[in-house]
Amino acid sequence: MSKAFDTVSSKLLIKKCELYGLRGKVSDLLKSYLINRRQYVECKEEEKVIKSREMEAYNGVPQGSNLGPLLFNLYINDLPT
Numbered sequence: 001m002s003k004a005f006d007t008v009s010s011k012l013l014i015k016k017c018e019l020y021g022l023r024g025k026v027s028d029l030l031k032s033y034l035i036n037r038r039q040y041v042e043c044k045e046e047e048k049v050i051k052s053r054e055m056e057a058y059n060g061v062p063q064g065s066n067l068g069p070l071l072f073n074l075y076i077n078d079l080p081t
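No gaps in the numbering here: position 27 of the sequence shown is 27 in the numbering used here, and each next residue is one more.
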C-alpha cells in the first residue's frame, strides 16, 4: 500500500478535491500541503546521525499523516467509473 500512496499525482488530486467542493482557502491550504514538498531520509546509529540530501517530492501524499489516507481515498474513489 505504501507504494500506492507514492504514485498519487498531486495536481490531479487537487483537481479531484475541487470537484468534490474543496475550494477557496481550503484548496489553497491543500495545495501548500501537497506542492513543493521536500523529503530526506535520516538514519541514527548510536550517537551518529546520517542524513540524505533533500529532494523535491513531485507525487504522493505524505505518509504517516492523518490526511494521507483520506486524500488517497478521495483520489481512488472514482476508479470504478
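The beta carbon of each residue, even a glycine, is placed where N, CA and C say it ideally should be.
Here residue 10 is not near residue 18, since their CB atoms are 7 Å or more apart. In the structure shown, the three-state DSSP call for residue 46 is coil. Residue 68 and residue 56 have their C-alpha atoms spaced approximately 18 Å apart. CA-to-CA, the gap between residue 49 and residue 7 works out to about 29 Å. Using a 10 angstroms sphere on the CB of residue 64, the tally of other CB atoms stays under 16, which defines it as exposed.
CA-CA distance, residue 66 to residue 73, rounds to 12 Å.
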